[in-house]
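Presented below is the structure to which this report refers.
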Amino acid sequence: MESRVSAEVSFSVEAGLNMNNKNDKKQRLPTPVPESGPANPGRRRALRLLVAGLAGAALTGRTPGLANNRGSAAWERIEPARERLNGATPKDGAIKLDLPGVTQDGSAVPLTVEIDSPMSEDDFIEAVYLYAGGNPTPELLDVYLTPLVGRARFSTRIRLNKSQSVLALARTNRGEWLAGDREVRVTVSGCLSRDDTYDFDAVMRTRVRVPERLEPGQIGEVRTLIDHPMETGLREDGEGQPIPERIINEFRAEFNGKSVLKARLYRAISANPYLRFPIAPNGSGEATFHWTEDTGESVSESFRMETG
Amino acid sequence: MGLLGAGTLLAAGGLRVYAGRPSHAHVAVVGGGFGGATAAKYLKILKPDLDVTLIEPNRRYYTCPFTNLYLGGLRDFESLGHDYRELQEDYGVRVVPDFAEDVDVDGRRLKLAEGSEIAWDRLILSPGIDFRWGALEGYDEAAAEKAPHAWKAGPQTHLLRRQLEEMEDGGTFVLVAPENPFRCPPGPYERVSLIAHYLKRNKPRSKVLLLDSKDNFSKQGLFMEGWEEHYGEMVEWVGLSNDGRVIRVDPDRLEVETEFGTIHRASVLNVVPPQKAGLIAHRAGVTDESGWVPVDPNTFQSRKAPGVYVIGDATEAAPMPKSGFVANNHGKVTAAAVVADLEERAVPKPTWANTCYSVIAPEWGITVANVYEVHDGELREVPGSGGVSPSGAPADFRRNEARYAEAWYAAISQDVWGTRPPG
Chain F
50 MESRVSAEVS FSVEAGLNMN NKNDKKQRLP TPVPESGPAN PGRRRALRLL VAGLAGAALT
110 GRTPGLANNR GSAAWERIEP ARERLNGATP KDGAIKLDLP GVTQDGSAVP LTVEIDSPMS
170 EDDFIEAVYL YAGGNPTPEL LDVYLTPLVG RARFSTRIRL NKSQSVLALA RTNRGEWLAG
230 DREVRVTVSG CLSRDDTYDF DAVMRTRVRV PERLEPGQIG EVRTLIDHPM ETGLREDGEG
290 QPIPERIINE FRAEFNGKSV LKARLYRAIS ANPYLRFPIA PNGSGEATFH WTEDTGESVS
350 ESFRMETG
Chain H
25 MGLLGAGTLL AAGGLRVYAG RPSHAHVAVV GGGFGGATAA KYLKILKPDL DVTLIEPNRR
85 YYTCPFTNLY LGGLRDFESL GHDYRELQED YGVRVVPDFA EDVDVDGRRL KLAEGSEIAW
145 DRLILSPGID FRWGALEGYD EAAAEKAPHA WKAGPQTHLL RRQLEEMEDG GTFVLVAPEN
205 PFRCPPGPYE RVSLIAHYLK RNKPRSKVLL LDSKDNFSKQ GLFMEGWEEH YGEMVEWVGL
265 SNDGRVIRVD PDRLEVETEF GTIHRASVLN VVPPQKAGLI AHRAGVTDES GWVPVDPNTF
325 QSRKAPGVYV IGDATEAAPM PKSGFVANNH GKVTAAAVVA DLEERAVPKP TWANTCYSVI
385 APEWGITVAN VYEVHDGELR EVPGSGGVSP SGAPADFRRN EARYAEAWYA AISQDVWGTR
445 PPG
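Here the protein sequences come in this chain order: F and H. Residues in the first sequence are numbered from 50 upward in steps of one, following our numbering. Residues in the second sequence are numbered from 25 upward in steps of one, following our numbering.
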């Protein structure tokens, strides 16, 4: 209990939304209102922090930007997604996103992505890109898959600062694009009001669970977690100074030195990043997992896996 | 009881159908808890000539709120029981002690377990929760006889109490807490507090371990402060990121396995399982894929079945929590909406309030309070309307909050069932 530090920070919703919003500032910024807008910073509403401040914005009840863009596909509304597609039109509805329709805690929303694919050497999903257009920055996670996962399915936990649509794009090894999206309503329950605490001593501590033994051809499941606050860079400390961004930005899983799954993590991945994914090893060997922080610091873990 | 004969019809096949008086609208209410009993009573208050039937299988209803005080030895179980005499005798509600089994939404009929039917003009469902048996591997109805949930008041509550009494000094009480949403967000945390109180008094070498599928919970800072103050190292909370999520229960060995493979062995194992809306909501076809009931926020009329209103824990009413306080508010607001609808008047603009009281130790309480409204077609907290008790508050502040909790229970019991505190 001694190592548990209370990071109590006030966070201004509007300040958070304005920061790092250069891509779509014009279309997305809320109209300033005298009571709470940036035009009158002296009366800005300071909210009690919910992890990384992101969830707090749901209290404003505003959905800036979305109303202006209704009617177009989710991937057309998010600029980095359009850039990623670079003119290609994805096959919509081809990705299954499993997310709660209503969530009471925007700081850790469970998300599972599933795509129907044989994941064979000549037909597989090679990349999945996830976006939340209503967050201060839309990028959530980029995942690079190989046939060694056996099945195109993975789970993580994300931060959503308000009700919005979560978008997934996927590219096959043949260069075809797929898309899928899902609406999530984010509320903040009064019975859930709380302070933010995390354990500074445990940062970079990892947890991994891998199947020790699989039958040939059997697909196993890997669960990984690393203790990390995933500081967004959008919060202020008690003195009103911004807390710098500090996140895990890369995760790699390898089997006998070959990539199974690689991920680029953004600031909207929840504290203590969690990834769960399948593994279909082609024999016995060593599974290795690497996490890298944006400071350059990294940590690795290896496990023996037997097949047959 | 004169009402009963007046509206009872015998259909051709001998089927008994109750339809109320021909010239009066008839509202059927399913479930006699905080939501349903309140709705029935306030329908009669707002429109005394309405025919109101309440269907509730228990003649005496025990509340889930305050069972933690019973488990901790602070309260007698019978003080949590309430009956329907006031509703029947003072308000003229027809109370049918039966279980609502099925609904014909188009035909506006309710089918009861013992074979009779009820014809209604408007239907209010307040069915509470059911458990998603098997959603947590190894935890089904049979498992609950060994590792109780005690998340509905009754035999399960007694079973857990008996197990605590039989537990050896130096044993470990383990509580498994679910993901959101679930009934009574602060409930698991109040429960471990008051069980720690019981153990500290009676079996001081014991330990209390809370394994949680969440990283944060209701009034977290205040609970942790209270645990440290009263129970020191006796209470340990393990959250999601510390491998607190249980993925398998072995009820015979009283063992649980967490996501990353830790096995915890309990002397007494209390599993609060994943939940969904009560049975009749599913039979009525008003639930969605989440297992809960989406409703129009202004009236709590089902989004799927016109004329059917759903209130209380069964609904998707976030950010309002699944609490008895909120269900009582739903009952009143929805009674007003139903009466307005029957009288073809505009529905009054709703507001709801909630306070969740939690008792951490005798004379030591904490609260969270909020007011809710409809804004842009969605439920939200009225900005600035509430908050939690201050941290680091002096003992007399906590003592007052514990007394407010007792006073709240007495007041709401009187409001819902007419139960007066003893003495």
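All C-beta atoms, glycine included, are put in the ideal place defined by N, C-alpha and C.
Assumed close pair isoleucine 297 of chain F, methionine 279 of chain F - CB separation to whole angstroms, cut-off 8 Å: Counting from 1 along the first sequence, the entry for residue 297 of chain F is found at position 248. Counting from 1 along the first sequence, the entry for residue 279 of chain F is found at position 230. Right, their Cβ atoms sit about 7 Å apart.
Contacts around arginine 97 of chain F, its chain only, beta-carbon distance under 6 Å, and the 5 residues preceding and following it disregarded: Position 48 of the first sequence, counted from the start, is the residue given in the question as residue 97 of chain F. Low confidence applies to arginine 97 of chain F: its pLDDT is 30, below 50, so where it sits in the model is not reliable enough to give any reading.
Answer yes if the region 149-163 of chain H comes into contact with the region 304-321 of chain H, meaning at least three C-beta pairs across the two stretches below 8 Å, and no otherwise. yes
May I have the straight-line CA-CA distance separating glutamate 346 of chain F from histidine 277 of chain F, to the nearest angstrom? Taking the first residue of the first sequence as 1, we reach residue 346 of chain F at position 297. Taking the first residue of the first sequence as 1, we reach residue 277 of chain F at position 228. Straight-line Cα distance between these residues: approximately 12 Å.
Report the partner residues of asparagine 394 of chain H according to the DSSP bridge assignment. Counting from one through the second sequence, the residue named residue 394 of chain H turns up at place 370. Note: asparagine 394 of chain H sits in a beta bridge opposite H:Asn378.
I need the DSSP call for alanine 290 of chain H, collapsed to helix, strand or coil. Locating residue 290 of chain H in the second sequence gives position 266, where the first residue counts as 1. Three-state DSSP puts alanine 290 of chain H in coil, outside helix and strand.
beta-carbon leucine 264 of chain H near the ligand PLP non-hydrogen atom, thresh 6 Å: As far as ligands go, the structure on display features none, and thus does not contain the ligand PLP.
Would you report the Cα separation of arginine 277 of chain H and lysine 227 of chain H, rounded to the nearest angstrom? Here residue 277 of chain H refers to the residue found at position 253 of the second sequence. Here residue 227 of chain H refers to the residue found at position 203 of the second sequence. Approximately 22 Å between the Cα atoms of the pair.
Residue ranges of each alpha helix (DSSP H) run of no fewer than 4 residues wholly in the region 119-170 of chain F, ordered along the chain? 123-126, 128-134
Completely contained alpha helix (DSSP H) runs for the region 312-355 of chain H, where each covers 4 or more residues: none
Closest Cα partner of leucine 246 of chain H within the set H:Leu264, H:Gln299, H:Tyr213, H:Arg289: Position 222 of the second sequence, counted from the start, is the residue given in the question as residue 246 of chain H. With distances taken between Cα atoms, leucine 246 of chain H lies closest to H:Tyr213.
Contact with chain H by alanine 157 of chain F, beta-carbon distance below 7 Å: Here the question's residue 157 of chain F lines up with position 108 in the first sequence. It does: the Cβ of alanine 157 of chain F has a partner Cβ on chain H nearer than 7 Å.
Can you tell me where the alpha helix (DSSP H) with arginine 423 of chain H in it begins and where it stops? Indexing the second sequence from 1 puts residue 423 of chain H at position 399. Unbroken alpha helix (DSSP H) run through arginine 423 of chain H: 419-441.
Return helix, strand or coil for tryptophan 157 of chain H, following the three-state DSSP convention. What you label residue 157 of chain H is simply residue 133 of the second sequence in a count that begins at 1. Coil at tryptophan 157 of chain H, not helix or strand.
Just to confirm, are glutamate 110 of chain H and glycine 348 of chain H a CB contact at a threshold of 7 Å? Here the question's residue 110 of chain H lines up with position 86 in the second sequence. Here the question's residue 348 of chain H lines up with position 324 in the second sequence. Against a cut-off of 7 Å, the Cβ pair of glycine 348 of chain H and glutamate 110 of chain H comes out as no contact.
Return no unless some Cβ of chain F is closer than 7 Å to the Cβ of asparagine 92 of chain H. As a working mapping, residue 92 of chain H is identified with position 68 in the second sequence. Chain F contact via Cβ: absent.
Quick one: list the residues of chain F neighbouring alanine 301 of chain H, beta-carbon separation under 7 Å, in chain order. As a working note, residue 301 of chain H is residue 277 in the second sequence. Chain F residues near alanine 301 of chain H: none, gap ~13 Å exceeds 7 Å.
Mind checking the region 295-327 of chain H against chain F and listing, in chain order, the residues whose C-beta falls within less than 9 Å of any C-beta there? Asp312, Glu313, Ser314, Trp316, Pro318
Along the chain, where does the alpha helix (DSSP H) containing glutamate 216 of chain H start, and where does it finish? Counting from 1 along the second sequence, the entry for residue 216 of chain H is found at position 192. Checking the sequence shown, residue 216 of chain H turns out to be valine, not glutamate. That run of the alpha helix (DSSP H) goes 211-226.
Could you check whether aspartate 154 of chain H and lysine 328 of chain H sit closer than 7 Å to each other, using their CB atoms as the reference points? Indexing the second sequence from 1 puts residue 328 of chain H at position 304. Indexing the second sequence from 1 puts residue 154 of chain H at position 130. It is not a contact, given that the beta carbons lie outside the stated cut-off.
Any idea what DSSP makes of glycine 178 of chain H, helix, strand or coil? Within the second sequence, the letter at position 154 stands for residue 178 of chain H. Coil at glycine 178 of chain H, not helix or strand.
If I measure Cβ to Cβ from phenylalanine 352 of chain F and keep anything under 6 Å in the same chain, skipping five residues before and after, which residues do I get? Position 303 of the first sequence, counting from 1, holds the residue named residue 352 of chain F. Hits under 6 Å: Val259, Ala336.
Quick one: residues in its chain with C-beta nearer than 8 Å to the C-beta of leucine 188 of chain H, no 5 flanking neighbours on either side, listed in chain order? Working through the second sequence from its first residue, we reach residue 188 of chain H at position 164. Closer than 8 Å at the Cβ level, and outside the excluded window around leucine 188 of chain H, lie Leu95, Phe197, Ile219, Tyr222, Leu223, Val292.
Does the beta carbon of glutamate 340 of chain H sit closer than 7 Å to a beta carbon anywhere in chain F? On the second sequence, position 316 is the one that residue 340 of chain H refers to. Judged by the 7 Å Cβ criterion, glutamate 340 of chain H is in contact with chain F.
Determine, using beta carbons only, whether threonine 87 of chain H comes closer than 7 Å to chain F. The residue labelled residue 87 of chain H in the question sits at position 63 within the second sequence. No, threonine 87 of chain H lies away from the interface with chain F (no Cβ there is under 7 Å from its Cβ).
So arginine 409 of chain F contacts chain H; which residues on that side make the cut at Cβ distance below 9 Å? A question about residue 409 of chain F goes unanswered here, because the residues of chain F that appear run from 50 up to 357.
Can you check whether the C-beta of valine 82 of chain F is within less than 7 Å of a C-beta belonging to chain H? If you number the first sequence from 1, residue 82 of chain F lands on position 33. With a pLDDT of only 32 at valine 82 of chain F, under 50, the local geometry of the prediction cannot be trusted, and no value is derived from it.
CB contact check: glutamine 153 of chain F to chain H, cutoff 7 Å: Against the first sequence, residue 153 of chain F aligns to sequence position 104. Closer than 7 Å: yes.
For aspartate 250 of chain F, the three-state DSSP class (helix, strand or coil): Residue 250 of chain F sits at position 201 when you count from the first residue of the first sequence. Of the three classes helix, strand and coil, the one that applies to aspartate 250 of chain F here is helix, per DSSP.
Do you know whose CA, among F:Leu194, F:Glu355, F:Tyr178, F:Met168, lies nearest isoleucine 127 of chain F's CA? Here residue 127 of chain F refers to the residue found at position 78 when the first sequence is read from its first residue. Comparing Cα-Cα distances from isoleucine 127 of chain F to each of F:Leu194, F:Glu355, F:Tyr178, F:Met168, the minimum goes to F:Tyr178.
Once DSSP output is grouped into helix, strand and coil, what is the label at methionine 279 of chain F? Locating residue 279 of chain F in the first sequence gives position 230, where the first residue counts as 1. If DSSP states are grouped into helix, strand and coil, methionine 279 of chain F belongs with coil.
According to DSSP, simplified to helix, strand and coil, what is isoleucine 174 of chain F? Position 125 of the first sequence, counted from the first residue, corresponds to residue 174 of chain F. Isoleucine 174 of chain F falls in the strand class under three-state DSSP.
With 16 other CB atoms within 10 Å as the buried threshold, where does threonine 344 of chain F fall? Here the question's residue 344 of chain F lines up with position 295 in the first sequence. Exposed, because fewer than 16 other Cβ atoms sit within 10 Å of the Cβ of threonine 344 of chain F.
Any C-beta of chain F under 7 Å from that of serine 265 of chain H: As a working note, residue 265 of chain H is residue 241 in the second sequence. Taking Cβ atoms only, chain F reaches closer than 7 Å to serine 265 of chain H, which makes this a yes.
Measure from the C-beta of valine 237 of chain F to each C-beta in chain H and report whether the shortest distance is under 7 Å. Within the first sequence, residue 237 of chain F is the residue found at index 188, counting from 1. By this cut-off, valine 237 of chain F is an interface position.
Meets three-Cβ-pair contact criterion under 8 Å: the region 237-255 of chain H and the region 382-394 of chain H: yes
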